[in-house]
Amino acid sequence: MELLNNLLMGLSTALELNNLLFCLIGVVIGTAIGVLPGIGPIPTVALLLPFTFSLSPPSAMIMLAGIFYGAQYGGSTTAILVNVPGETSSVVTCIDGHEMAKQGKAGTALAIAAIASFFAGTVATIVIAVLSVPLSMLALKFTAVEYFSLLVLGLIAAVVLAHGSVAKSLAMVLLGLLLGLVGIDVSSGVARMTFGIAALSDGLDFVPIAMGLFGLGEIIANLERPAARRVVSQSIRSLIPSRADLRAAFPAMVRGTVLGSVLGVLPGGGAALPPFSSYALEKKLARDPSRFGKGAIEGVAGPEAANNAGAQTSFIPLLTLGIPANALMALMIGALMMQGIQPGPQIMREQPQLVWGVIASMWVGNLMLLVINLPLIGLWVSMLKIPYRLLFPAIVLFCCIGTYGIANSLFNVWLMMGCALIGYFFIKIGVEPAPLLLGLVLGPQLEENFRRAMLIADGDFTVFLLRPISAVILAVVAVLLLAMLSPAILKTRKEALAE
Amino acid sequence: MSRSRIDLQDLLFGLFLVAVAAGTLVATRNLVIGHAADMGPGYMPRVVALALMGFGLFFSGRGFWRMRVGIAPVQLRPLLAILASVGVFALTAERLGLAIASVAAVILASLATREGRLVETMAFAVVLSGAAVLLFVKLLGLPIPIWPR
Chain A
570 MELLNNLLMG LSTALELNNL LFCLIGVVIG TAIGVLPGIG PIPTVALLLP FTFSLSPPSA
630 MIMLAGIFYG AQYGGSTTAI LVNVPGETSS VVTCIDGHEM AKQGKAGTAL AIAAIASFFA
690 GTVATIVIAV LSVPLSMLAL KFTAVEYFSL LVLGLIAAVV LAHGSVAKSL AMVLLGLLLG
750 LVGIDVSSGV ARMTFGIAAL SDGLDFVPIA MGLFGLGEII ANLERPAARR VVSQSIRSLI
810 PSRADLRAAF PAMVRGTVLG SVLGVLPGGG AALPPFSSYA LEKKLARDPS RFGKGAIEGV
870 AGPEAANNAG AQTSFIPLLT LGIPANALMA LMIGALMMQG IQPGPQIMRE QPQLVWGVIA
930 SMWVGNLMLL VINLPLIGLW VSMLKIPYRL LFPAIVLFCC IGTYGIANSL FNVWLMMGCA
990 LIGYFFIKIG VEPAPLLLGL VLGPQLEENF RRAMLIADGD FTVFLLRPIS AVILAVVAVL
1050 LLAMLSPAIL KTRKEALAE
Chain B
809 MSRSRIDLQD LLFGLFLVAV AAGTLVATRN LVIGHAADMG PGYMPRVVAL ALMGFGLFFS
869 GRGFWRMRVG IAPVQLRPLL AILASVGVFA LTAERLGLAI ASVAAVILAS LATREGRLVE
929 TMAFAVVLSG AAVLLFVKLL GLPIPIWPR
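Chains as they are written, first to last, in my numbering: chain A, 570 to 1068; chain B, 809 to 957.
Okay, structure coming up:
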């Protein structure tokens, strides 16, 4: 049983004392930022990146991964108690979760959310372990030609499946690619678009860009909206759900997990899309759909399971192919590269300790989260009482220090300031910044593989269509793009995302 | 939100893209393009810039003939306060040290909202500055001076 051996090896890495500690730190930070609305996992991971230099690669990845799935747990707490999503992935949980809280069943809702998350997390860990090996075997057959096509598929699919206008997202990907080209050209040694600034010759750091666009831009936009936060101030009675509650929630939990696992693996997947789909599915399957929106327990269990499963399985493309499914995974790729590890299909063979350690740590982390979230719920609720007027200056300060810390360069702080302005501009004109980050991180790889493929094929573009694997991948890209043009699908997509 | 005759969101995004693309074409005008089999450093930037130019023109054009909601008015206070906070940090961090730069950055950021109270903000800034020094310099070993040198 190779699978079992792999998992055991992973567990032995994950259970090392220092890795347990970093896993704990990751999930605690994740829960905290999940609970607090206005701070997402993207700026948090960007902020902590510089301080993972000194850690071993497995410890660093285990901690950063913990932040991501920890945030999914924390987000539901805020959704249920305050009716404000702590994370975008818990928007749906607000609907029925908060309704349950108003009916005095806050404890049950919180418990169901945590149990569903734990169940989904466990299943998703197994899904990752099972799928990783065959996918990485396939990927080993790839040359520059296939890899280029795969990168294109990753980018296009991420755009098609994410929120917002497809055309605008495509433009954002291109913008990210362009930013990724800044710096000294690897093959000719010529400086490109550096405008004579020495700090630019190594290319743009993505951390200041991520923090400016996602962290600070968001803060400025948040401050324009009038603040309204009321915690449901009832005491949380009985955290243990009744047998009837569990029986009602269980099928939804299973369906949510399956849906989340599938949607998470797709490029562009992650934690945002699955809960919406799951909620829609539960509503459709329910015998009495009118209960939804009035505190239906399935409306909490399904989406919560789905977002957690999606968050975790979105690691699969990253760990096996080196392709990020969403902006956060792009940051993880950055973290790997900072550790001197080249992400790609070979990562599984060359770094088994790292890959399986991270996979196994997810299950360990989910167990920790169950303990952290249920008995200690009071602690997180009290954190919600920190007013935003104290929170945001602290975030701004930590962003400044963190950005400075990547390369001890003030240039990065100025860059972050510029990106904050641009990020605010993007929010104002209703454009999603996430595709830009994907383009930025994947840009250099895309160019390198494109050039190498052209070199192999002597400048013949048809090579991408003549190689079978590459042709299939590009066919999928074409289908995705054509599907986006068809009005019927466009309409359903709009509805699915708006629901 | 006000209704306007043009789709301001589309128009602004389009103009932004056109500007970026034009800037790129100017900045890379001296780079060798090469050809597909042997690309020079200027090949990819130009390809991407031309594509961006296309998108930019498309959005600008669409912005003109499509009626949509305009954008919410810009509030200068949060925008300027946050940008100033980051700017002050960048100006002072290496010269005056982390302790003073942190206090200045937090106080400026706090000005972004009218909710702030002077005494509370001051005290909070000092506490945060202390925490930042302890965490980043003492614990994580960030090489940045604490006090003016």
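Cβ atoms here follow ideal geometry from the backbone N, Cα and C, with glycine treated the same way.
Cβ pair residue i, residue j closer than 8 Å
i: A/Gly781; j: A/Gly992; result: yes
i: B/Ala913; j: A/Val965; result: yes
i: A/Val927; j: A/Met578; result: no
i: A/Asp1027; j: B/Ala845; result: yes
i: A/Gly974; j: A/Phe620; result: yes
i: A/Ala817; j: A/Ile778; result: no
i: B/Thr836; j: A/Arg1020; result: no
i: A/Ala640; j: A/Pro610; result: yes
i: A/Gly862; j: A/Ile664; result: yes
i: A/Gly616; j: A/Gly971; result: Checking the sequence shown, residue 616 of chain A turns out to be Leu, not Gly. A contact, by the Cβ cut-off of 8 Å.
i: A/Ala821; j: A/Ala870; result: yes
Simplified DSSP assignment, three categories, for residue i
i: B/Asp800; result: What is shown of chain B runs 809 to 957, which leaves residue 800 of chain B out entirely.
i: A/Arg761; result: strand
i: B/Gln817; result: helix
i: A/Gly752; result: strand
i: A/Lys1000; result: Reading the sequence as shown, one finds Val at residue 1000 of chain A and not Lys. In the structure shown, A/Val1000 sits in coil (DSSP, three-state: anything other than H, G, I, E or B).
i: A/Thr647; result: helix
i: B/Ile908; result: helix
i: A/Lys737; result: helix
i: B/Glu928; result: helix
i: A/Pro872; result: helix
i: A/Pro893; result: coil
i: A/Trp932; result: helix
i: B/Met809; result: Legend: pLDDT at B/Met809 = 44, less than 50; position of this residue unreliable, no value from coordinates given.
i: A/Phe711; result: coil
i: A/Val661; result: helix
i: A/Val924; result: helix
Alpha carbon of residue i to alpha carbon of residue j, nearest angstrom
i: A/Glu656; j: A/Val759; result: 43 Å
i: B/Val927; j: B/Val834; result: 51 Å
i: A/Gly864; j: A/Gly666; result: 6 Å
i: A/Ser628; j: A/Met931; result: 12 Å
i: B/Ala940; j: B/Ile954; result: 10 Å
i: A/Val699; j: A/Leu572; result: 7 Å
i: A/Leu887; j: A/Glu787; result: 26 Å
i: A/Pro893; j: A/Gly723; result: 7 Å
i: A/Ile910; j: A/Met901; result: 11 Å
i: A/Glu585; j: B/Thr921; result: 46 Å
i: A/Pro872; j: A/Ala678; result: 12 Å
i: A/Phe980; j: A/Tyr848; result: 45 Å
i: A/Pro1037; j: B/Pro886; result: 54 Å
i: B/Ser910; j: B/Glu923; result: 20 Å
i: A/Phe1030; j: B/Arg870; result: 32 Å
i: B/Gly848; j: A/Lys997; result: 37 Å
i: B/Ala907; j: B/Val935; result: 10 Å
i: B/Met809; j: B/Gln817; result: Since pLDDT at B/Met809 reaches only 44, below the 50 mark, its modelled position is unreliable, and the value read off the structure follows with that caveat. Approximately 12 Å, taken between the alpha carbons.
i: A/Glu1017; j: A/Ser846; result: 37 Å
i: B/Leu891; j: B/Val945; result: 24 Å
i: B/Phe867; j: B/Gly822; result: 5 Å
i: A/Pro956; j: B/Leu884; result: 22 Å
Cβ of residue i within 8 Å of any chain B Cβ
i: A/Leu1024; result: yes
i: A/Lys954; result: no
i: A/Asn977; result: yes
i: A/Ser757; result: yes
i: A/Cys969; result: yes
i: A/Val944; result: Reading off the sequence, residue 944 of chain A comes out as Pro, not Val. A/Pro944 does not count as touching chain B.
i: A/Val597; result: no
Contact with chain A by residue i, beta-carbon distance below 8 Å
i: B/Ala821; result: Checking the sequence shown, residue 821 of chain B turns out to be Phe, not Ala. Cβ-Cβ to chain A under 8 Å: yes for B/Phe821.
i: B/Thr900; result: no
i: B/Phe897; result: yes
i: B/Ser910; result: yes
i: B/Gly869; result: no
i: B/Val927; result: no
i: B/Met852; result: yes
Beta-carbon separation (whole angstroms), residue i vs residue j, contact threshold 8 Å
i: A/Ser686; j: A/Tyr642; result: 5 Å
i: A/Val1010; j: A/Phe775; result: 6 Å
i: A/Pro844; j: A/Ser658; result: 6 Å
i: A/Ile725; j: A/Ile885; result: Not a contact, Cβ separation roughly 18 Å.
i: B/Leu839; j: A/Ala740; result: With 8 Å as the limit, B/Leu839 and A/Ala740 do not qualify as a contact, their Cβ atoms being about 23 Å apart.
Residue i at chain C interface by Cβ criterion, 8 Å
i: B/Leu950; result: Absent from the structure: chain C. Protein chains present are A and B.
Proximity test, residue i beta-carbon vs the ligand GDP heavy atom, cut-off 7 Å
i: B/Ala933; result: You won't find the ligand GDP in this model; it holds no ligand whatsoever.
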